[in-house]
Amino acid sequence: MAEHLEIRDEWRAVVGVESPPWTHEVTTTSVRGFARGVGYSDLVYFDEAAAKAAGYRSLPCPPSYLGTPIFIPGQSSDTFSGPKDSGPSIDHGLPNLLDGGTETEYFDDICAGDTLTVTSKVSDLSIREGRSTGKMLIVTRETKVVNQDGKLVATQRGQGIFY
Amino acid sequence: MPLTWDSFKEGDALPELIKQPGVTQLVKYAAGGGDFNPLHHDFTFPQSKAIGSIIVHGRFKYAALGELVSNWLDHGGRIQNIACQYRGMDLPDQPMTLGGVVKRKWEEDGEKRAELELYVNNAKGKNTTPGTATVRFD
Chain A
14 MAEHLEIRDE WRAVVGVESP PWTHEVTTTS VRGFARGVGY SDLVYFDEAA
64 AKAAGYRSLP CPPSYLGTPI FIPGQSSDTF SGPKDSGPSI DHGLPNLLDG
114 GTETEYFDDI CAGDTLTVTS KVSDLSIREG RSTGKMLIVT RETKVVNQDG
164 KLVATQRGQG IFY
Chain B
-18 MPLTWDSFKE GDALPELIKQ PGVTQLVKYA AGGGDFNPLH HDFTFPQSKA
32 IGSIIVHGRF KYAALGELVS NWLDHGGRIQ NIACQYRGMD LPDQPMTLGG
82 VVKRKWEEDG EKRAELELYV NNAKGKNTTP GTATVRFD
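In order, the protein sequence lines correspond to chains A and B.
In terms of this note's numbering, the first sequence opens at residue 14 and continues consecutively.
In terms of this note's numbering, the second sequence opens at residue -18 and continues consecutively.
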């Protein structure tokens, strides 16, 4: 349990530094896989005819799904599937991670067939006292999602809680 | 039937969605979403042992709130913003009741919008994952 956690200058230097871009694919199979994982029964996420009848180009991404990062052994995280190089990291040494919260803003539909270019950056650091976890480092990361036409289609903010 | 702008009002409740993901469902979510943190499938992982169980992905609950809103809209409107906070852990095989209320409904610059307040109540009735969403109608 961290007793004397404080935000160091070298951690602060990471805030705002954008990651190299990484490609996320949205395919009919990946949309079905995500929808199945959540437990949807809405055919719009499984059947292309149903999706088109509902006004989409193809199967739409269910809320919160922003495509599947291309997986390249050695370059991708085995655990979280995204790129290992998500910009400079914060060397805090805290072993445990919990998810604090997520917010997604949409500017357009994202559908199967889209190829997304994703960048992210740490946008905020803070320290909070947990009831059972001691001092925790809260890392807010902002992600930008641009489609194959160069249009910003979504942004996402998430809080990682390290303790 | 797709939801229409005129068919709901402030104060309306969304039809509730019950989720009770077991380990197999969480494995399907890990495969679909790409999050293979062992905390969500491996009971021998040190963090799981410390907690006493694997736990449901926060992101599973977030996606399930998305399903709740998507089911309500039935593609009659679009989600503009959806957010939640993971305030409490949920364990596999435990029922979660997801729901929401229309807090505000308004028109602005010719756009029709509504704001929702969302919840994921555990078996004891505690909201482990409060959320909000803004939806728009053309």
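No residue lacks a Cβ here, since even glycine has one placed at the ideal position from N, Cα and C.
Within a Cβ cutoff of 7 Å, which residues of the same chain sit near residue i, ignoring the five residues on either side of it in sequence?
i, result
"F47 (chain A)", "P75, Y78"
"D55 (chain A)", "none"
"D16 (chain B)", "H38, R40"
"F120 (chain A)", "L165, V166, A167"
"E48 (chain B)", "L(-2)"
"S8 (chain A)", "There is simply no residue 8 (chain A) to check, as chain A begins at 14 and stops at 176 in what is shown."
"K0 (chain B)", "A45, M77, L79"
Between which residues of its own chain and residue i is the CB-CB distance below 6 Å, once the five residues before and five after are set aside?
i, result
"F41 (chain B)", "Y10"
"V101 (chain B)", "K42, M77, L79, T109, T110"
"V57 (chain A)", "A63, A64, A67"
"E(-3) (chain B)", "T78, G80"
"Q75 (chain B)", "A104"
"V159 (chain A)", "T130, L165"
"V4 (chain B)", "P73"
To the nearest angstrom, how far is the alpha carbon of residue i from that of residue j?
i, j, result
"D23 (chain B)", "I36 (chain B)", "10 Å"
"P(-17) (chain B)", "K84 (chain B)", "20 Å"
"R59 (chain B)", "T132 (chain A)", "24 Å"
"P19 (chain B)", "P108 (chain A)", "14 Å"
"S89 (chain A)", "L111 (chain A)", "20 Å"
"L54 (chain B)", "Q66 (chain B)", "22 Å"
"E178 (chain A)", "G106 (chain A)", "There is no way to answer for residue 178 (chain A), as the model of chain A reaches only from 14 to 176."
"F118 (chain B)", "W87 (chain B)", "11 Å"
"I63 (chain B)", "R49 (chain A)", "20 Å"
"T25 (chain B)", "G91 (chain B)", "55 Å"
"D98 (chain A)", "R141 (chain A)", "27 Å"
"S51 (chain B)", "T156 (chain A)", "23 Å"
"T92 (chain A)", "V8 (chain B)", "13 Å"
"T146 (chain A)", "V152 (chain A)", "16 Å"
"P34 (chain A)", "G80 (chain A)", "14 Å"
"T41 (chain A)", "I20 (chain A)", "43 Å"
"K148 (chain A)", "G14 (chain B)", "29 Å"
With a CB to CB cut of under 8 Å and the five nearest residues on each side skipped, what residues in its chain are close to residue i?
i, result
"S102 (chain A)", "V27"
"G(-8) (chain B)", "V82, V83"
"G100 (chain A)", "V27, V30, E31, S32, P33, S133, K134, V135"
- prompt: Given a limit of 8 Å on CB to CB distance, which residues of the segment 114 to 147 of chain A reach chain B?
  reply: Per Cβ criterion, the list reads G114, T115, E116, T117, E118, Y119, D122.
query: Does the segment 55 to 74 of chain B come close enough to the segment 27 to 36 of chain B that 3 or more CB-CB pairs lie under 8 Å?
result: Flag = yes, the segment 27 to 36 of chain B and the segment 55 to 74 of chain B touch.
message: Please give me, in chain order, every unbroken run of the alpha helix (DSSP H) with length at least 4 that falls completely inside the segment 17 to 97 of chain B.
response: Runs of the alpha helix (DSSP H) spanning 4 or more residues and lying entirely within the segment 17 to 97 of chain B occur at 27 to 32, 39 to 54, in chain order.
- prompt: Would you call the segment 116 to 127 of chain A and the segment -13 to 2 of chain B in contact, with 3 or more CB pairs under 8 Å?
  reply: In this structure the segment 116 to 127 of chain A does not touch the segment -13 to 2 of chain B; the number of beta carbon pairs closer than 8 Å is below three.
task: Anything in the segment 69 to 84 of chain A with a Cβ closer than 9 Å to a Cβ of chain B? List those residues in chain order, please.
output: In summary, the residues of the segment 69 to 84 of chain A whose CB is separated from some CB of chain B by less than 9 Å are Y69, P73, P75, P76, S77, Y78, T81, P82, F84, in the order they occur in the chain.
field: Under 8 Å (Cβ pairs) to chain B, residues found in the segment 45 to 65 of chain A
entry: The residues in question are G46, F47, A48, R49, G50, V51, G52, Y53, D55, V57.
query: At a cut of 8 Å, does the segment 133 to 153 of chain A reach the segment 25 to 38 of chain A through at least three beta carbon pairs?
result: Contact between the segment 133 to 153 of chain A and the segment 25 to 38 of chain A is present, because at least three Cβ pairs lie under 8 Å.
query: What residues in the segment 75 to 105 of chain B bring their beta carbon closer than 9 Å to a beta carbon of chain A?
result: Answer in chain order: no residues at all.
- prompt: Looking at chain B, which residues of the segment 99 to 110 of chain A have a Cβ within less than 7 Å of any of its Cβ atoms?
  reply: Taken in chain order, the members of the segment 99 to 110 of chain A whose beta-carbon sits within less than 7 Å of a beta-carbon on chain B are N109.
task: Please list the residues of the segment 13 to 29 of chain B that have a C-beta atom closer than 9 Å to any C-beta atom in chain A, keeping them in chain order.
output: Of all residues in the segment 13 to 29 of chain B, the ones placed with a Cβ closer than 9 Å to any Cβ belonging to chain A are G13, G14, G15, D16, F17, N18, P19, L20, P27, Q28, in chain order.
task: Report the residues of the segment 44 to 56 of chain B with a CB closer than 7 Å to any CB of chain A, ordered along the chain.
output: Among the residues of the segment 44 to 56 of chain B, those with a Cβ less than 7 Å away from any Cβ of chain A are A44, A45, G47, E48, V50, S51, N52, H56, in the order of the chain.
task: Give, in chain order, every unbroken run of the alpha helix (DSSP H) that is at least 4 residues long and sits entirely within the segment 21 to 64 of chain A.
output: Counting whole runs of 4 or more residues, the segment 21 to 64 of chain A contains the alpha helix (DSSP H) stretches 22 to 25, 41 to 51.
query: Going along the chain, which unbroken runs of the beta strand (DSSP E) with 3 or more residues stay wholly within the segment 73 to 138 of chain A?
result: If we require 3 residues or more, the beta strand (DSSP E) runs fully inside the segment 73 to 138 of chain A come out as 110 to 119.
query: Quick one, which residues of the segment -18 to 7 of chain B are near chain A if we go by CB-CB under 8 Å, in chain order?
result: Flagged, chain order: P(-17), K0, P2, Q6.
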